[in-house]
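Only one structure is covered here, and it is reproduced in the block below.
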């Protein structure tokens, strides 16, 4: 059980909620602030004071005052018309993360929402009612209005939601889960849909996966270096302390520990004077990506513990219109995330090329016996090259774009949800590139061992990695024995299973900073 109070939700706990269905509850200490904020809203309605977001229209229609008898309809109208998303639905994990983040944001006690409405969101999360939320349609300011409106529809008995794996009408999903639908009260419409919740959820899960991939990139790089009989001197601690970027230092340390006791690696001038950049500069390249990923994680953890509503209701009863809904503080970091992870894939693909190229590696062309009759890993490199080239386009920043909306009232937007979706896609792609490198590096290790008459042994960390890889993927003797797509899927399972990091961590404490 994870207790939410608006202040201390971690990325790791969010992933437990989103992917592993950890249940949540509201911290008792947060309830009083929620109720105090709601009381101020009810006083405003009773006194018939005109306040934006409570008894007015929205956006450029804020000049229109709404009488009390129409307020409930105003809230429903808002949800019905703002649920204008389209495209494929967000994943279950993304929706669950979104609900958790929204609950946590509302528990800051500045949104003027009823506690009972938050409790309904908690119940939906714990009973796994998953609203159908199209992934497209958000400008990232005013937050994620369209997708969040889709999140709210089932609460009102509208829209669609998944329950026990079945896509149902919202009312039916709620009924089967034993939950009662509600009518929204004053202010609750905006409290539920105004904010950066969806883009942050998508970005948070991508960030978590990027952290894992950054560690896997070190493992893949270390195995590739061994198969190429690369030079370990480039990872000496003294070299990196004179340029002490955190990611740089951590990566060099990881490489030293992964390769400890390896007889595959060499020293300067033993076989060659220098290695190519894709081997020699792993600490500088991977390290830069790790520093960016760490920065993004910091921003994610601020955002998932923030109130991104507008207007807010202060503890003194003041209602303040501001810009906390604006997605720019997350859009830029998520653009950085796409760039950082893309670079991990770019350099991995270059290492793949060096291993399968007989001129560069000294091993058989495309790492297969009887090249010509067999093509081996020829086209797997093509596929990796295609993916990393796709990533170069996806890494173009979304946050540098904007388009005016809402009769020019909302004249600068973040495109944060597109930044998040691009980052998610880059992470998806790079996982497959790294899986390809792991498989090819293991194949190359076997060829190199054979060339050296079995006299070489791997490092303390890379031996663990090699053993896990071989649990999933066998040495490929010849083309007729395999369908390479199946082998690539098995290689991806090496990462998805979590076993690679689990086993390597028994010998090496892989660090990000």
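Residue numbers (my numbering): 26 to 538.
Idealized CB from N, CA, C, for every residue including glycine.
Cutting at 7 angstroms between CB atoms, please list the residues of its own chain near residue 229, excluding the five before and the five after it. As a position in the chain shown, residue 229 is number 204, starting the count at 1. Excluding positions up to five away in sequence, the list reads 36, 39, 122, 325, 329.
Can you look up residue 192 in the DSSP assignment and give me helix, strand or coil? Against the chain shown, residue 192 aligns to sequence position 167. Of the three classes helix, strand and coil, the one that applies to residue 192 here is strand, per DSSP.
Nearest-angstrom Cβ-Cβ length linking residue 465 and residue 380, presumed shorter than 8 angstroms: What you label residue 465 is simply residue 440 of the chain shown in a count that begins at 1. What you label residue 380 is simply residue 355 of the chain shown in a count that begins at 1. Rounded to the nearest angstrom, the Cβ distance from residue 465 to residue 380 is 6 angstroms, consistent with a contact under 8 angstroms.
Based on the DSSP output, what are the partners of residue 407 in its beta bridges? The sequence position of residue 407 within the chain shown is 382, counting from 1. Answer is none; residue 407 lacks a bridge partner.
Work out the CA separation of residue 91 and residue 99 for me, nearest whole Å. Within the chain shown, numbered from 1, the residue matching residue 99 stands at position 74. Within the chain shown, numbered from 1, the residue matching residue 91 stands at position 66. For residue 99 and residue 91, the distance between alpha carbons rounds to 8 angstroms.
Span of the alpha helix (DSSP H) around residue 279: The residue given as residue 279 occupies position 254 in the chain shown. That run of the alpha helix (DSSP H) goes 271-283.
Less than 8 angstroms between the C-beta atoms of residue 543 and residue 49, yes or no? Not covered by the structure: residue 543. The range shown for the chain is 26 to 538.
Using a 10 Å radius around the Cβ and a threshold of 16 neighbouring Cβ atoms, would you call residue 479 buried or exposed? Here residue 479 corresponds to residue number 454 of the chain shown, with the count starting at 1. Under this definition residue 479 is an exposed residue.
What is the DSSP secondary structure of residue 215, counted as helix, strand or coil? Within the chain shown, numbered from 1, the residue matching residue 215 stands at position 190. Here residue 215 sits in helix by DSSP.
Just list the alpha helix (DSSP H) runs in the stretch 28-76, keeping only unbroken ones of 4 residues or longer that don't cross its boundaries, in chain order. Qualifying alpha helix (DSSP H) stretches, in chain order: 36-45, 53-71.
Give me the Cβ distance between residue 483 and residue 470, rounded to the nearest whole Å; I'm assuming they're in contact under 8 angstroms. As a first step, residue 483 must be located in the chain shown, where it is residue number 458. As a first step, residue 470 must be located in the chain shown, where it is residue number 445. Residue 483 to residue 470, Cβ: 7 angstroms. Contact.
Backbone secondary structure at residue 289 - three-state DSSP: Reading the chain shown from its first residue, position 264 is the one you call residue 289. Looking at residue 289 - three-state DSSP - the assignment turns out to be coil, as it is neither helix nor strand.
Is the beta carbon of residue 373 sitting closer than 8 angstroms to the one on residue 245? As a working mapping, residue 373 is identified with position 348 in the chain shown. As a working mapping, residue 245 is identified with position 220 in the chain shown. Yes, they are a contact pair.
So if DSSP puts residue 187 in a beta bridge, which residue, or which two residues, is it bridged to? The residue you call residue 187 lines up with position 162 of the chain shown. Under DSSP, residue 187 shares a beta bridge with 155, 192.
Can you tell me whether DSSP reads residue 160 as helix, strand or coil? Reading the chain shown from its first residue, position 135 is the one you call residue 160. Here residue 160 sits in strand by DSSP.
Indicate whether the contact test is met: 3 or more Cβ pairs, each with one atom in the stretch 58-68 and one in the stretch 351-361, closer than 8 angstroms. No, they do not touch.
Is the beta carbon of residue 351 less than 8 angstroms from the beta carbon of residue 424? Here residue 351 refers to the residue found at position 326 of the chain shown. Here residue 424 refers to the residue found at position 399 of the chain shown. Cβ distance not < 8 angstroms, so residue 351 and residue 424 don't count as in contact.
Whole angstroms is fine: what's the gap from residue 443's alpha carbon to residue 163's? As a working note, residue 443 is residue 418 in the chain shown. As a working note, residue 163 is residue 138 in the chain shown. Straight-line Cα distance between these residues: approximately 8 angstroms.
By how many angstroms is the C-alpha of residue 148 removed from the C-alpha of residue 30? As a working mapping, residue 30 is identified with position 5 in the chain shown. As a working mapping, residue 148 is identified with position 123 in the chain shown. Those two C-alpha atoms are separated by around 16 angstroms.
Confirm, please, whether the CB-CB distance from residue 214 to residue 128 is below 8 angstroms. The sequence position of residue 128 within the chain shown is 103, counting from 1. The sequence position of residue 214 within the chain shown is 189, counting from 1. No, Cβ-Cβ distance for residue 128 and residue 214 is not below 8 angstroms.
Nearest residue (CA-CA) to residue 369, options 481, 238, 295, 441: One-based indexing of the chain shown puts residue 369 at position 344. The candidate whose alpha carbon is nearest that of residue 369 is 238.
Compute the beta-carbon to beta-carbon distance between residue 486 and residue 533, rounded to the nearest angstrom, for a pair I have assumed lies under 8 angstroms. Locating residue 486 in the chain shown gives position 461, counting from the first residue. Locating residue 533 in the chain shown gives position 508, counting from the first residue. Going by Cβ atoms, the distance from residue 486 to residue 533 rounds to 4 angstroms, so yes, they are a contact pair.
How should residue 211 be labelled, buried or exposed, when 16 other C-beta atoms within 10 angstroms of its C-beta is the threshold for buried? Taking the chain shown and counting its residues from 1, one reaches residue 211 at position 186. Around the C-beta of residue 211, 16 or more other C-beta atoms lie within 10 Å, and the residue is accordingly described as buried.
Closest Cα partner of residue 506 within the set 393, 496, 171, 322: Reading the chain shown from its first residue, position 481 is the one you call residue 506. Residue 506 has its Cα closest to that of 393, out of 393, 496, 171, 322.
Is it true that the stretch 255-263 meets the stretch 280-291, where meeting means three or more beta-carbon pairs spaced less than 8 angstroms apart? Taking a cut-off of 8 angstroms for Cβ pairs, the stretch 255-263 and the stretch 280-291 touch, as three or more such pairs fall below it.
Is residue 358 helix, strand or coil by DSSP? Counting from one through the chain shown, the residue named residue 358 turns up at place 333. Residue 358: helix per DSSP, three-state reduction.
Are at least three pairs of beta-carbons, each pair with one atom in the stretch 331-338 and one in the stretch 407-426, less than 8 angstroms apart? No, they do not touch.
What span of residues does the beta strand (DSSP E) with residue 113 cover, start to end? Numbered from its first residue, the chain shown carries residue 113 at position 88. From DSSP, the beta strand (DSSP E) with residue 113 extends over 111-114.
So, helix, strand or coil for residue 452, using DSSP? Reading the chain shown from its first residue, position 427 is the one you call residue 452. Helix, per DSSP.
Report the option in 504, 477, 524 whose CA atom is closest to the CA atom of residue 491. Translated into positions along the chain shown, residue 491 becomes position 466. With distances taken between Cα atoms, residue 491 lies closest to 524.
Pairs of beta-carbons, one from the stretch 181-191 and one from the stretch 41-57, closer than 8 angstroms: are there three or more? In short, these stretches do not touch, since the Cβ pair count stays below three.
Could you spell out the range, first to last residue, of the alpha helix (DSSP H) harbouring residue 389? Sequence index remark: in the chain shown, residue 389 carries index 364 (1-based). For residue 389, there is no enclosing alpha helix (DSSP H), as DSSP marks it with neither H nor E.
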